[in-house]
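Data first, discussion second: the structure below is written as structure tokens.
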Ligand SMILES: [Zn+2]
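Residue numbers (our numbering), protein chains in the order written: chain X, 6 to 316; chain S, 8 to 170.
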């Protein structure tokens, strides 16, 4: 596997990547973590255009710093408010404009599902999906998998629970797609209204992935090697009384983990609200800060691969 | 001439030019009209006559519907979408009284014609220059939006035709 596999290509869906490509990416992230300055300024003179039609300060910063470290010039916007988009400019026209300004790479977040597939069709410049509505967030899934590999030295043979809003949570769908490349047993833990979307289940079934569904974490927590926690937003559950009933089932704290293996690692795409208790931070379960830190080198390696910089 | 044909003949005469859609499941002719967007013929003020026969006796189906469109050739791509909803349907083109059967096939990709059921899908965004696109999963009898991945059952297609 060569990194040339990545040159010029788009990162729209994690499904577009095969296992050996992902492994190669992770090996390179590991190397960068050992020598954090080894890619500095390697893409000097290139222009990264970061367009966040849907605001997210943290993800925006992560891409911005990654591009800065690589020596790229960065332009774009962190939210549509105040940009030409708020005056009604379409995604299509915005991309065309920045293409004309000499973009070498686009990083785009947009609220509409499917917007990134469309963006990639508009321009020949490589595009990274930084979140398209409720659908996908491939660089987060890559980061998540890398963090799991870092904790266990492997992905094969692990039992991974994915908990929370699996229906609208793009990180949950992307991670499930990604894990289907490995011999991983996935358990989806969610209330009925927030189960994995049919197309995700359809894809996993077609790939022969081992999956099961559960509504109560307690029933499965003792089996898991990894627990991936996502937030349930109140407004996602149609019936408010239903939300009050289920919310306790999806709060991860020491009590919820009473029967967990000592080696369990808890991940979370961050930012967290109250679904992940601060009392876990000081325990060996907490792996989410390691995970968050991995996002930066991963994005640096990926951008460098896509633009064909030396390594 | 068989009895069956004689029965049909009594209801509506043969056409010289146009399309005959046969072997429609009984009482489903309106769904066919919906898929073919026959209402657009009215908007175009086309010189076209449509005969809808329902619950006609059929040797193979017991009962069936037939749609005859005089002086209008149904687009082959629409005929293909019809065959996806009703696999047993036959689409016949009539040219100077001569009937030729169109061999409909389930397309691998359908562009335009069908709206994505996910309302927030980019392909439903009003001002973006984007044409809907679906990939067919034949074995599962599903369409999948090329953009947002949402699935649409073949049977639900008539509710999502656009135009
Ligand atoms: Zn769609």
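C-beta: ideal position from N, C-alpha, C; glycine also.
heavy atom of ligand 1 below 8 Å from residue i C-beta
i: residue 131(S); result: yes
i: residue 41(X); result: no
i: residue 105(X); result: no
i: residue 160(S); result: no
i: residue 126(X); result: no
i: residue 139(S); result: yes
i: residue 87(S); result: no
i: residue 119(X); result: yes
i: residue 173(X); result: no
i: residue 77(S); result: no
i: residue 156(S); result: yes
i: residue 59(X); result: no
i: residue 284(X); result: no
i: residue 141(X); result: no
i: residue 125(S); result: yes
Reduced DSSP secondary structure (H/G/I, E/B, other) of residue i
i: residue 118(X); result: coil
i: residue 45(X); result: coil
i: residue 145(X); result: helix
i: residue 30(S); result: strand
i: residue 296(X); result: helix
i: residue 301(X); result: helix
i: residue 62(X); result: helix
i: residue 38(S); result: helix
i: residue 151(X); result: helix
i: residue 110(X); result: strand
i: residue 22(S); result: coil
i: residue 12(X); result: coil
i: residue 168(S); result: strand
i: residue 146(S); result: coil
i: residue 321(X); result: There is simply no residue 321(X) to check, as chain X begins at 6 and stops at 316 in what is shown.
Start and end residues, beta strand (DSSP E) containing residue i
i: residue 36(X); result: Taken as a continuous stretch (DSSP letters only), residue 36(X) belongs to no beta strand (DSSP E), being part of the alpha helix (DSSP H) at 24–39.
i: residue 64(S); result: 56–65
i: residue 132(X); result: 132–137
i: residue 100(X); result: Segment 96–105 is the alpha helix (DSSP H) holding residue 100(X); no beta strand (DSSP E) there.
i: residue 78(X); result: 78–82
i: residue 158(S); result: 158–160
Residue range of the unbroken alpha helix (DSSP H) whose run includes residue i
i: residue 249(X); result: 245–251
i: residue 56(X); result: Premise fails: residue 56(X) lies in the beta strand (DSSP E), 52–57, not in any alpha helix (DSSP H).
i: residue 149(S); result: Looking at the DSSP string, residue 149(S) is not in any alpha helix (DSSP H); the run it does join, the beta strand (DSSP E), is 149–152.
i: residue 48(S); result: 46–50
Within 8 Å of chain X by C-beta, residues of the segment 147–159 of chain S in sequence order: Listed in sequence order: 147, 149, 151, 152, 153, 154, 155, 156, 157 and 158.
Runs of beta strand (DSSP E) wholly within the segment 75–143 of chain S (minimum 3 residues, chain order): Entirely contained in the segment 75–143 of chain S, the beta strand (DSSP E) runs reaching 3 residues are, in chain order, 97–102, 105–109 and 116–118.
Members of the segment 119–146 of chain S that neighbour chain X once the beta carbon cut-off is set at 7 Å: Residues of the segment 119–146 of chain S with a C-beta less than 7 Å from any C-beta of chain X: 125, 127, 128, 129, 130, 132, 134, 135, 136 and 137, listed in chain order.
Contiguous alpha helix (DSSP H) assignments of at least 4 residues, all confined to the segment 167–231 of chain X: Entirely contained in the segment 167–231 of chain X, the alpha helix (DSSP H) runs reaching 4 residues are, in chain order, 175–184 and 203–211.
Members of the segment 120–148 of chain X that neighbour chain S once the beta carbon cut-off is set at 7 Å: For the segment 120–148 of chain X, which is checked against every Cβ of chain S, the residues closer than 7 Å are 120, 122, 123, 138 and 140.
Inside the segment 235–292 of chain X only - beta strand (DSSP E) runs reaching at least 3 residues: Qualifying beta strand (DSSP E) stretches, in chain order: 270–272.
Contact residues within the segment 255–272 of chain X, judged by C-beta distance below 8 Å to chain S: Result list empty, no residue passes.
Contact set between the segment 19–53 of chain X and chain S, restricted to residues whose Cβ is under 7 Å from the partner: Cβ contacts with chain S: none found.
Interfacial residues, the segment 92–103 of chain X to chain S, with Cβ spacing under 7 Å: Result list: 95, 96 and 97.
Cβ-based contacts, 7 Å cut-off: residues of the segment 179–208 of chain X near chain S: Of all residues in the segment 179–208 of chain X, only 203, 204 and 207 place a beta-carbon less than 7 Å from a beta-carbon of chain S.
Cβ-based contacts, 8 Å cut-off: residues of the segment 227–247 of chain X near chain S: Taking 8 Å as the Cβ-Cβ cut-off against chain S, none of the residues of the segment 227–247 of chain X qualify.
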